[in-house]
Each structure stands twice: as C-alpha cells, then as structure tokens.
Amino acid sequence: MLKPQLNNLSHHHRLAPALLTQGKKNLIPGNGVVDNIGSPSSFLSLNTLAFPTKPTHKCFCYTSHTRNSISQIKAGFGDSSTASVTQTISLKAVITVQMTVGGVLSNLTVARAFDDIGDLLGKSLLLELVAAEVDPKTGLPKATIVDYAHRSGKKADELVYLAEFEVPEDFGSIGAIGAIMIENEHRKEMFVESVVIKGLSIDPIIVSCVICLPSETPSGLKQLREQELAILRGDGAADKPREKTDRIYDYDVYNDLGDPDKDPELSRPVLGSKDYPYPRRCKTGRPRSKSDPLSESRSGDVYVPRDEAFSEVKDMSFNAKTVYSLLHAVIPYIETSVIDKDLGFPYFTAIESLFNEGVNLPSLDNNGFLGNILPRLFKAFEDAQNNVLLFDTPEMIDRDKFGWMRDEEFCRQTLAGLNPLSISLVTEWPLKSKLDPEVYGPPESAITKDMILKEIKGFCTLEETIEDKKLFILDYHDIFLPYVHKVRDQKKFRTTLYGSRTLMFLMPSGTLRPLAIELVRPPGNGKPQWKRVFTPCWEATGAWLWKLAKIHVLAHDGGYHQLVSHWLRTHCCTEPYIIATNRQLSKMHPIHNLLHPHFRYTMEINALARESLINAGGIIETCFSPGKYSIELSSIAYGQQWRFDHEALPADLIARGMAVEDPDSPHGLKLTIEDYPYANDGLVLWDIIKDWVTNYVNHYYPEENLVESDSELQAWWTEIRTQGHADKKDEPWWPILKTPKDLIGILTTIIWVASGHHAAVNFGQYDFAGYIPNRPTIARVKIPCEDPTDDEWEVFKRRPEDELLSAFPSQVQASQVMAVLDVLSNHSVDEEYIGETCEPAFEVNPEIKAAYEIFSGRLKELEGIIDGRNADESRKNRNGVGVVPYNLLKPFSEPGVTSMGVPNSISI
Numbered sequence: 001m002l003k004p005q006l007n008n009l010s011h012h013h014r015l016a017p018a019l020l021t022q023g024k025k026n027l028i029p030g031n032g033v034v035d036n037i038g039s040p041s042s043f044l045s046l047n048t049l050a051f052p053t054k055p056t057h058k059c060f061c062y063t064s065h066t067r068n069s070i071s072q073i074k075a076g077f078g079d080s081s082t083a084s085v086t087q088t089i090s091l092k093a094v095i096t097v098q099m100t101v102g103g104v105l106s107n108l109t110v111a112r113a114f115d116d117i118g119d120l121l122g123k124s125l126l127l128e129l130v131a132a133e134v135d136p137k138t139g140l141p142k143a144t145i146v147d148y149a150h151r152s153g154k155k156a157d158e159l160v161y162l163a164e165f166e167v168p169e170d171f172g173s174i175g176a177i178g179a180i181m182i183e184n185e186h187r188k189e190m191f192v193e194s195v196v197i198k199g200l201s202i203d204p205i206i207v208s209c210v211i212c213l214p215s216e217t218p219s220g221l222k223q224l225r226e227q228e229l230a231i232l233r234g235d236g237a238a239d240k241p242r243e244k245t246d247r248i249y250d251y252d253v254y255n256d257l258g259d260p261d262k263d264p265e266l267s268r269p270v271l272g273s274k275d276y277p278y279p280r281r282c283k284t285g286r287p288r289s290k291s292d293p294l295s296e297s298r299s300g301d302v303y304v305p306r307d308e309a310f311s312e313v314k315d316m317s318f319n320a321k322t323v324y325s326l327l328h329a330v331i332p333y334i335e336t337s338v339i340d341k342d343l344g345f346p347y348f349t350a351i352e353s354l355f356n357e358g359v360n361l362p363s364l365d366n367n368g369f370l371g372n373i374l375p376r377l378f379k380a381f382e383d384a385q386n387n388v389l390l391f392d393t394p395e396m397i398d399r400d401k402f403g404w405m406r407d408e409e410f411c412r413q414t415l416a417g418l419n420p421l422s423i424s425l426v427t428e429w430p431l432k433s434k435l436d437p438e439v440y441g442p443p444e445s446a447i448t449k450d451m452i453l454k455e456i457k458g459f460c461t462l463e464e465t466i467e468d469k470k471l472f473i474l475d476y477h478d479i480f481l482p483y484v485h486k487v488r489d490q491k492k493f494r495t496t497l498y499g500s501r502t503l504m505f506l507m508p509s510g511t512l513r514p515l516a517i518e519l520v521r522p523p524g525n526g527k528p529q530w531k532r533v534f535t536p537c538w539e540a541t542g543a544w545l546w547k548l549a550k551i552h553v554l555a556h557d558g559g560y561h562q563l564v565s566h567w568l569r570t571h572c573c574t575e576p577y578i579i580a581t582n583r584q585l586s587k588m589h590p591i592h593n594l595l596h597p598h599f600r601y602t603m604e605i606n607a608l609a610r611e612s613l614i615n616a617g618g619i620i621e622t623c624f625s626p627g628k629y630s631i632e633l634s635s636i637a638y639g640q641q642w643r644f645d646h647e648a649l650p651a652d653l654i655a656r657g658m659a660v661e662d663p664d665s666p667h668g669l670k671l672t673i674e675d676y677p678y679a680n681d682g683l684v685l686w687d688i689i690k691d692w693v694t695n696y697v698n699h700y701y702p703e704e705n706l707v708e709s710d711s712e713l714q715a716w717w718t719e720i721r722t723q724g725h726a727d728k729k730d731e732p733w734w735p736i737l738k739t740p741k742d743l744i745g746i747l748t749t750i751i752w753v754a755s756g757h758h759a760a761v762n763f764g765q766y767d768f769a770g771y772i773p774n775r776p777t778i779a780r781v782k783i784p785c786e787d788p789t790d791d792e793w794e795v796f797k798r799r800p801e802d803e804l805l806s807a808f809p810s811q812v813q814a815s816q817v818m819a820v821l822d823v824l825s826n827h828s829v830d831e832e833y834i835g836e837t838c839e840p841a842f843e844v845n846p847e848i849k850a851a852y853e854i855f856s857g858r859l860k861e862l863e864g865i866i867d868g869r870n871a872d873e874s875r876k877n878r879n880g881v882g883v884v885p886y887n888l889l890k891p892f893s894e895p896g897v898t899s900m901g902v903p904n905s906i907s908i
C-alpha cells in the first residue's frame with residue numbers, strides 16, 4: 001500500500017474541485033501529450049485535480065479560510081475612500097508544487113524542455129479566483145479573476161509558483177473567495193503541495209477544504225459542485241474504452257473474467273444476472289469479445305478512474321508493481337521450473353525444504369530487480385548461479401511443527417484462524433439439506449444421534465447439547481454439493497469436491513472438540529448418492545481416514561474463505577460503495593470525507609485481481625478445488641447468503657447463532673462461545689468505529705430531518721442498492737435511510753468491512769496457510785473409501801502417507817500459492833492504519849478533530865487489551881503451548897508479514 005498523491009483526472013471538459021491542504025499533494029497533469037508515466041499516481045485525502053490534456057481543462061480548489069479570513073478580506077475591501085472609483089485589494093497566491101516520478105521536470109525530455117520554457121515565460125499555471133456567492137443583482141456567478149503563476153523559486157524537490165491578483169471590491173465585499181481554479185499548462189503532471197493566499201491587510205490564508213451539506217453550499221459554488229458530480233458520472237461522455245487519464249465512475253457486470261477469444265475453454269459466464277447475481281464493478285468501456293458478445297474483451301491494462309490508481313512516488317517500497325511482478329514474472333517461471341505440473345510432494349520433508357532450500361528458478365532474469373521488490377521471497381546467495389525462491393517459515397509452524405495435525409488446533413482455527421466467519425450454532429436436529437432430493441438424493445445427514453452420543457458420552461444428551469448451545473457446525477454441504485460433478489469433470493485439472501458438514505462440541509474448557517465429518521457425493525454419472533461419516537478413531541484405518549477427511553474440510557474452508565469471506569464480502573462488495581460515493585457525494589460532502597480513507601486503492605487492487613487472480617486460468621482457478629467454477633461459486637454464495645444488514649459484525653454473529661442480544665453484556669451481546677478471539681476483539685473495534693461515526697454524523701446532522709432531505713446522500717444510498725447491488729435491489733432487508741441513527745449503522749458497516757473484516761481474513765494468510773498441510777487450497781484426490789478398487793485400497797493400506805501427500809496441492813500449486821499469500825499478507829512501510837493519521841478534512845474542524853483524537857486513543861487502548869487477552873492463560877483459544885496469539889485485529893503493525901494491523905482500506 002502506498003501513500004497516495006492527489007489526482008483526479010479526466011479527458012473531457014470538467015470543473016473538478018480540488019481541496020488543497022498543507023502537506024497534501026494535488027496532482028495536476030499537463031495539457032500536452034501525455035508521456036508514458038508508468039503506473040498512475042493516486043491521491044491522498046480529498047484533494048482532487050484535473051488532467052487537462054486540452055488547454056481548457058482546469059482544477060478547482062474550494063477554499064475554506066482560517067483565522068477569520070473572511071472578515072479580514074471584507075475589512076480590506078471596506079477601506080475604499082471613494083465610491084466612484086473601483087477599489088481593489090492586492091492578493092498573492094503562493095503555490096508549492098512537488099516534482100513527481102515520471103512527471104514534471106523529472107527527466108530530460110522534449111516535454112521537459114517545453115515546460116522549462118513555459119516556466120521562463122511565466123506561462124505555467126493559470127489561476128482563477130471564483131467568488132463564493134453569485135452576483136446579488138443578476139443571480140449569476142461573478143466573473144473570475146485570472147492570473148498566470150510564474151515560477152519564483154525551488155527547494156529540494158519542490159517548486160514554488162507565484163500569482164498576483166487585483167481583487168475588485170464588488171468581488172469580495174459580498175463574500176470571500178469560494179474556489180481557486182488551476183489550469184496546468186505544463187505537458188506533464190505535477191503535484192500541488194499547498195496554496196497560500198497573502199495580502200497586505202490579512203494574515204496568510206492556507207487554502208483548505210470546505211465541508212458542507214448540499215443545502216449549505218455557497219451560491220457561487222453550487223454549479224461547480226453539480227458539474228463535478230456530472231463529470232465523475234461520465235454524463236455526456238462517449239461510450240468508448242476508458243483511458244488512464246479518465247475520471248469516470250460507472251457500473252458494469254463481471255463479464256471480463258473469461259477470455260473466449262484466446263481459448264473457448266476460457267469462456268466464463270457473466271456474473272451480475274438472474275442466474276448469477278453479483279455486485280457490480282467499474283465499467284472499463286472495452287469492446288465485447290469476438291467469440292462471445294456477452295463478454296468483454298481483455299487487454300493488458302484494466303481501467304480504474306485516475307483518482308483510484310496506486311501512486312509511483314520516490315522512495316515507495318511497495319506498490320502495485322510488487323503484485324504485478326509476482327503474477328507476471330514469478331508465477332509463470334514457477335510453472336516452467338517443474339517439468340510435471342501435477343507432481344506432488346514425495347514426502348513431508350520436501351514441503352519443509354521450501355523454507356530451507358527454496359525453489360530454483362534458473363530461467364528467471366532480473367534477479368536484482370526482483371530481489372529488491374520481493375526481498376522476502378528472493379534471497380541472495382553469493383555462490384548461487386540460479387534465482388532462489390525461498391520462503392520464510394510461517395509463524396504457526398515455527399511455534400508448533402505438528403500443530404496442523406492436532407484436532408484441537410483444527411477446531412481452534414475456526415474461532416481464531418484465517419476464516420472465523422463460517423462456524424455457526426446447530427439449532428435443529430436432525431441435520432437436513434434444503435436441496436432438491438430428486439436431483440441430489442436423500443436430504444438427511446448420515447450423522448446420527450448415536451454417533452454424537454458416542455463422542456460426547458458422559459457430558460450430556462444430544463438434546464441438552466443443542467439446548468445448552470454446545471453443538472457447532474462448519475456447513476459446506478448445500479453450497480458445494482451442486483458443483484461436485486462439475487468440478488470433478490474438469491479436464492486437465494486434477495481435483496475433487498464433496499459437500500461437507502463438520503460438527504464440533506464446546507468443552508467445559510471453552511475449546512472445541514471435533515465430533516464428526518460427513519462427506520457427500522450426489523448421484524450422477526451412473527452412480528448413486530454416496531455419503532460417509534468420519535469420526536476421531538483409535539484404530540489405524542479409521543485414524544487415517546479421519547486425517548484425510550480433515551484435509552478435505554480444510555480445502556473446503558480454504559476455498560470458501562478466499563472466494564466468499566475474503567474476495568466477495570470485502571473486495572467485491574465494497575467496489576459499488578466506492579463508485580456510488582464518487583458519483584453521488586461531492587468532495588465537499590461530509591460523508592465523502594468520512595468514507596474516503598476507507599476506499600483508497602481498493603478499485604486498483606480489484607482490477608489487478610480481475611486481471612491475474614480471479615480471471616479464467618488465474619491463480620484462484622488453478623490452485624483451488626473448484627477450479628474454473630471458483631468465482632461462479634462466489635456468485636452462488638452472494639445470491640444465497642449475502643445481506644448488507646448481516647455484514648455488520650453484531651448482526652453476523654447473531655445470524656450465525658454465535659451471539660444473542662443482551663443489554664447487560666459488553667457491546668450489548670452475549671457470545672455463545674465466550675473465548676471467541678475474532679468476536680472478542682472485533683466487537684471492541686466495532687464499538688470504537690461506531691462511536692467515531694456517531695460523533696461525526698451527529699455533528700453534521702444535528703437534526704433528524706437533515707438526513708432525509710440530503711439529496712446527495714439519498715441518491716448515494718439509492719444507487720448502492722439499485723445499481724451497485726442491482727441483483728438484490730428488491731430485498732426487504734436493506735436498511736432504510738431516514739435518520740442519523742440509520743446513517744450511523746450503514747456507515748459503520750461499510751467502514752468495518754473495509755477495515756476490521758478485511759484485516760481479519762487477509763493479513764494472517766501467510767502465517768496460517770503458508771504451510772500447505774495446515775490449510776491446503778485444494779484436495780486433489782477423492783478419499784480412499786469412496787468406491788475404491790481392490791488395488792486402490794491395498795495401496796492405501798500399504799502407504800497411507802502417500803494418499804495424504806497426493807491430496808495436497810502439487811509442488812507448482814503450493815509454490816504459487818505461498819508466493820501470492822506472502823505478498824498479500826505484507827504491510828508496506830507506509831501503510832495507513834485505522835485511526836493513525838487525522839485527515840486534513842478532520843483537522844480543520846475542532847469538534848471533529850477532538851472526536852478523531854478520542855477515536856485514535858481508543859484504538860491505541862485496544863492494542864493493550866489484545867495483548868492482555870493473549871497473555872491470559874484462561875483463554876485457551878489464544879494462549880497455550882505452541883498457540884499463535886490472536887493479533888489480527890490489533891490496529892497497528894510494523895512493516896512486513898506480521899499477522900496484525902488494521903489498515904483503513906482494502907488496499908491489498
């Protein structure tokens with residue numbers, strides 16, 4: 001994740017407001033032919049800028065004056081001694097510009113030569129002052145006051161420009177300056193660091209952001225506010241492929257994952273329809289494929305609005321190039337380094353060799369470049385002729401090499417592992433499928449009452465177990481069963497699949513004990529339904545089958561985690577919120593300011609995922625059990641399971657039976673399992689976020705009717721429901737937005753998903769799944785007792801370890817997954833954590849700044865709370881011999897793979 005720069009870019013005429021604040025950067029690309037700048041730069045805070053590739057394109061900065069500047073300016077204008085002569089006041093605007101990587105004045109090019117000449121001639125930046133109020137006589141906007149800024153100095157990497165204005169009395173006596181319009185006459189982009197207004201009769205004024213509801217917008221800025229939103233919506237823009245410099249936000253279905261023009265086998269269904277409901281993504285405008293008119297053609301670059309792109313500023317240690325280099329350089333070479341792509345690990349020490357010997361990649365060039373960009377993966381050896389891909393030992397295995405084999409660890413990770421969002425309470429017996437029995441066979445589970453009693457004998461009866469809320473389940477039966485034969489019938493891909501149920505019992509110690517695993521194959525291909533229950537055993541054959549059954553469940557849980565808990569519920573479902581926010585909420589809107597830090601870089605990382613991770617033939621399809629049906633399965637989960645109101649952490653816990661409302665308990669909830677680390681820490685974080693959002697919303701909406709009368713806000717929420725999540729627009733569970741309380745609930749949910757939820761399912765990926773046996777992404781062979789031949793059974797009896805190793809991912813798959821998880825689990829040196837840095841938009845308002853400081857202080861307290869819980873020996877699910885402490889929701893972190901830290905946004 002990178003520190004962003006400011007940039008809002010467009011190719012068509014626009015009046016784009018820019019909020020310039022001290023210490024923040026405003027990218028204003030030039031009006032000449034745009035050179036190859038490399039990866040697009042991105043913005044910090046709410047500052048926006050223009051990309052004037054045509055001379056008329058300008059950037060606006062709304063002004064919010066400090067130090068009683070408005071009255072001071074009025075006083076200055078009031079010094080006029082005669083009414084018959086137009087009186088003026090002299091003002092200066094000092095613009096500080098930072099050089100950019102690949103941008104203005106950064107290298108010796110023809111463009112630079114033209115820019116240098118422009119600076120010498122004083123034709124570099126054109127500034128216009130815009131009045132805050134319209135002319136009271138005509139009701140029209142007042143004429144702007146114009147001057148060219150000339151370069152007046154240079155310090156370090158910054159340039160200083162100066163513009164001088166003579167402001168007439170009738171311009172300022174009615175009101176202060178409302179906005180400053182900046183047109184970049186350079187041929188290259190630049191970053192605006194700050195704008196300061198100076199005058200003889202006033203103190204220096206730092207131009208900062210105006211935050212107000214639509215009804216409070218100064219009359220002189222209303223048109224600009226509306227024009228900006230029209231530009232961002234793309235109103236009137238040609239329906240053609242978007243360019244890198246565009247700033248258009250629009251919706252489209254997921255019809256760009258397949259590549260039928262390259263290979264008919266790479267065709268994929270459109271996600272975002274009646275059969276395959278899905279959230280919407282950003283429209284790219286690319287033409288349809290030649291082979292399939294419903295699919296979008298693919299190209300090397302996936303468009304995201306210029307404001308959303310990663311930056312490429314000097315000294316950045318981690319950016320989109322890291323992921324891009326991994327996917328486009330390292331991953332393909334891993335495939336070529338092994339002759340047999342299906343070759344599994346011959347023994348367990350071969351898996352361990354990935355951490356002490358590594359993978360040789362003899363054909364990989366640019367080891368120095370990759371060693372710099374992926375230092376954790378590429379290790380330098382003085383005597384090595386080859387490139388060595390060497391993995392760090394994941395913390396879990398470093399603490400307990402055999403932890404992955406233990407039943408108690410298998411269960412503990414459902415509460416304190418990578419996917420603590422699937423476990424749910426059993427409330428009905430017997431277990432029964434909701435699928436059509438005519439198609440999928442008898443719905444009754446093969447797990448019987450006697451089986452359960454055999455495992456819990458001496459504790460309680462089955463009825464008491466359910467009544468006392470001690471029976472829990474991982475239920476992947478109905479979601480996976482319809483895809484079992486589809487997945488198994490894939491050509492050129494070794495995999496298998498079952499529907500599965502895993503039952504666990506809550507022990508008096510507060511830990512979980514596994515009771516039974518059921519694997520089910522539906523009828524098909526001339527065979528009847530097959531189902532089998534596995535339980536912990538004390539004889540060899542049953543014990544080995546139990547181990548193998550757990551591997552299949554782990555593959556199911558790993559796939560569901562990646563496809564649903566992670567990709568769908570955070571990355572995918574958040575993109576419509578970002579699009580709607582930019583289309584309907586002005587940069588001046590307080591809710592835009594609140595949400596903006598939680599949306600940075602999400603669209604860029606999602607575009608990269610569509611390009612190389614979730615696409616046809618990408619990492620997800622080649623390394624996870626469902627194969628080419630992976631993302632299609634996430635669509636099924638979205639249609640059957642996703643609800644916005646259940647994305648709130650308390651509602652999610654209640655829906656899964658993991659909590660009940662209790663006003664006398666902390667957070668208003670009583671947890672079903674008291675030692676549930678994800679829920680324990682998550683609820684504290686949820687409350688901290690909600691309190692901050694409450695203070696913020698109540699400040700800007702002191703009266704209830706202001707929410708319902710806010711036209712931009714109502715359009716935003718309507719668009720999220722009807723366009724961003726169009727396939728669920730008629731669902732009755734969508735929250736109604738009428739009061740500040742409604743708004744607080746909606747905003748808290750969105751911020752939680754982008755911060756806490758995502759951190760919990762992302763940043764522990766390497767430490768939990770970096771050792772393949774602990775969380776295999778795929779089970780490649782069926783369990784040996786499913787319709788075995790005599791020879792197959794004898795092979796299993798003679799060498800059961802080989803069957804286990806055969807089920808694991810291949811060497812190629814394991815290496816690819818480990819490399820991806822290592823990068824995706826990494827924090828950059830300039831990560832932006834929740835509550836760490838007060839936004840400029842918050843600083844300018846004393847009440848909001850004070851509320852933010854409380855918010856930040858409580859997050860620091862949460863660090864200590866989590867440390868205390870991890871040190872508490874009574875909390876067996878996060879403390880014990882070889883147990884990895886649960887740190888995933890600690891707000892802050894050092895750089896690297898740390899399994900802690902909650903960034904503001906989904907940035908990786």
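Numbering-wise, the sequence shown is residues 1 to 908 according to UniProt numbering.
Ideal placement from N, C-alpha and C gives every residue a C-beta, glycine not left out.
query, result
"Less than 8 Å separating the beta-carbons of residue 627 and residue 495?", "yes"
"Restricting to Cα atoms, I'd like to know which of 906, 455, 748, 638 is closest to residue 277.", "638"
"Tell me which residue opens and which closes the alpha helix (DSSP H) that residue 934 is part of.", "Here the chain covers residues 1 to 908 and nothing more, so residue 934 does not appear."
"Going by Cα to Cα distance, which pick from 557, 694, 770, 884 is closest to residue 924?", "One cannot answer for residue 924 here, as it falls past the ends of the chain, which runs 1 to 908."
"When we look at the beta-carbon of residue 862 and count the other beta-carbons within 10 Å, is it buried (16 or more) or exposed?", "buried"
"Quick one: using the 10 Å Cβ neighbour count with 16 as the cut-off for buried, is residue 38 buried or exposed?", "Low confidence applies here, because residue 38 scores a pLDDT of 29, under 50, leaving its location unreliable and the question unanswered by this model."
"Rounding to the nearest angstrom, what Cα-Cα distance links residue 252 and residue 281 in this structure?", "5 Å"
"Quick one: what's got a C-beta closer than 6 Å to residue 355's C-beta in the same chain, skipping five residues either side?", "391, 393"
"Looking at residue 799 and residue 416, is the spacing between their C-beta atoms short of 8 Å?", "no"
"Roughly how many whole angstroms lie between the Cα atoms of residue 853 and residue 695?", "12 Å"
"In the DSSP assignment, find the beta strand (DSSP E) that holds residue 151 and state where it starts and stops.", "145 to 155"
"Determine which residues share a DSSP beta bridge with residue 98 and list them.", "158, 191"
"How close, in whole Å, do the beta carbons of residue 655 and residue 671 come, if the pair is a contact with beta carbons under 8 Å?", "Going by Cβ atoms, the distance from residue 655 to residue 671 rounds to 14 Å, so no, they are not a contact pair."
"Does DSSP classify residue 88 as helix, strand or coil?", "strand"
"For chain C, check one thing: does any of its Cβ atoms lie closer than 8 Å to the Cβ of residue 656?", "In the structure shown, chain C cannot be found, because there is only a single protein chain."
"Go to residue 859, then tell me how far its alpha helix (DSSP H) extends in each direction, as first and last residue.", "846 to 870"
"Considering only C-alpha positions, which residue in the set 686, 674, 716, 744 is nearest to residue 702?", "744"
"In whole angstroms, what separates the C-alpha of residue 135 from that of residue 168?", "13 Å"
"For residue 931 and residue 195, I'd like the C-alpha separation in whole angstroms.", "Any answer about residue 931 is impossible in this case: the structure gives the chain only from 1 up to 908."
"For residue 455, collect the residues of the same chain with a Cβ closer than 6 Å to its Cβ; drop the 5 residues on either side in sequence, then sort them by chain order.", "515"
"Using the Cα positions of residue 606 and residue 588, report the straight-line distance between them to the nearest angstrom.", "26 Å"
"Cutting at 6 Å between CB atoms, please list the residues of its own chain near residue 855, excluding the five before and the five after it.", "692, 835"
"Using CA atoms only, rank isn't needed, just tell me which of 157, 160, 530, 211 is closest to residue 844.", "211"
"Compare the C-alpha of residue 894 against each of 409, 763, 875 and name the closest.", "763"
"Give me the residue from 510, 208, 633, 89 with the minimum Cα distance to residue 841.", "208"
"What do you get for residue 405, buried or exposed, if any count of 16 or more other CB atoms within 10 angstroms of its CB means buried?", "exposed"
"Mind reading off the beta-carbon distance from residue 193 to residue 97? Whole number of angstroms is fine, and I expect it under 8 Å.", "6 Å"
"Taking a contact to mean a Cβ-Cβ separation below 8 Å, would you say residue 474 touches residue 553 in this structure?", "yes"
"Apply the 10 Å Cβ neighbour rule to residue 680 and answer buried if 16 or more other Cβ atoms are within range, or exposed otherwise.", "buried"
"For residue 700, which residues in the same chain have their Cβ closer than 6 Å to its Cβ, ignoring the five residues on either side in sequence?", "590"
"Could you check which residue in 546, 714, 705 has the C-alpha nearest to that of residue 739?", "705"
"Does residue 347 pass the burial test, meaning 16 or more other C-beta atoms within 10 Å, or should it be called exposed?", "exposed"
"Mapping the DSSP letters down to three states, classify residue 810 as helix, strand or coil.", "coil"
"Tell me the DSSP bridge mates of residue 717?", "The partner list for residue 717 (beta bridge, DSSP) is empty, contrary to what the question assumes."
"Tell me which residues share the same chain as residue 504 and place their Cβ nearer than 6 Å to its Cβ, disregarding the 5 neighbours each side in the sequence.", "411, 472, 512, 514"
"Counting only the same chain and skipping the five closest in sequence on each side, list residues whose C-beta sits under 7 Å from that of residue 418.", "561, 761, 764, 765, 768, 769, 775"
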